[in-house]
Every structure is written in C-alpha cells, then in structure tokens.
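Using the working numbering, the letters of the sequence shown correspond one by one to residues 549 to 648.
All C-beta atoms, glycine included, are put in the ideal place defined by N, C-alpha and C.
It should be emphasised that the depicted structure is a prediction, and the values quoted were computed from it without experimental measurement.
First up is the structure itself, then whatever we jot down about it.
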Amino acid sequence: MSLRSKVLSCYRKLHRARLKTFQGDTLALEAGRQKIREEFAKNKNEADKTKIAELILTAEDVERMLRQNVVQAILQEKDKYKAKITEDTQLLDNATRPKK
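Shown next, in the form of structure tokens:
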C-alpha cells in the first residue's frame, strides 16, 4: 500500500470513528471534523517519508483511542447520565483498594 493510500485510509478511519463515537452530538461531530481536517491540512505538504510514517502512526493511535477509550455520556435527567458503550469500548476491571 502506498504512503498516500495509507494517509487517505487513516483520514477515513478517523472520520468513521468520529461519527460512531459522537453519534447524535452535532457539536462534538463538527469539532472533531474540523480538528481532523485542520491536522491533515497542516501536514499536507510534508515530503519526509519518515515524518509521514510517524504522522500515520499518530493518526492510527488517535483513531484507536476514539473507538476504545472515549465514551459518550448522554444526559437523561437532571444530574443523571447514560454512558453509551459500544462493542469497541475497552472495558477494564476497576482496581480494588487494599484493606487496612
């Protein structure tokens, strides 16, 4: 896969992760869209293949973080939220406090 194809693939994956993570939240969807476009535009003239490879790794890490670690909380009623857990959300066990 060419470097250009990898960059475009990362761009699309980031947008898909944004759409899934922030579904129904127009403010977060728009902010995410702008940030992704801004970061890719900032580096569009990069010619160093090593730097491009580093940027691709960063984009892949961000996409993975969005899918696995960001949880959308939806206000249900005053002071009560519902966490929107997806099949991609990474669920970890809570650490227990040692007994004294």
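- The beta strand (DSSP E) runs lying completely inside the region 552-584 and spanning 3 residues or more number zero.
- Annotation: L623 is outside any alpha helix (DSSP H); the continuous beta strand (DSSP E) that includes it extends over 620-625.
- Residue nearest to A565 within the set A579, R615, Q620, T606 is R615 (criterion: CA-CA distance).
- In the pairwise beta carbon analysis, the region 568-582 is classified as touching the region 607-622: at least three pairs are separated by under 8 Å.
- With contact defined as three or more Cβ pairs closer than 8 Å, the region 620-640 and the region 579-590 are not in contact.
- Checking the DSSP bridge columns, you'll see A631 partnered with A621.
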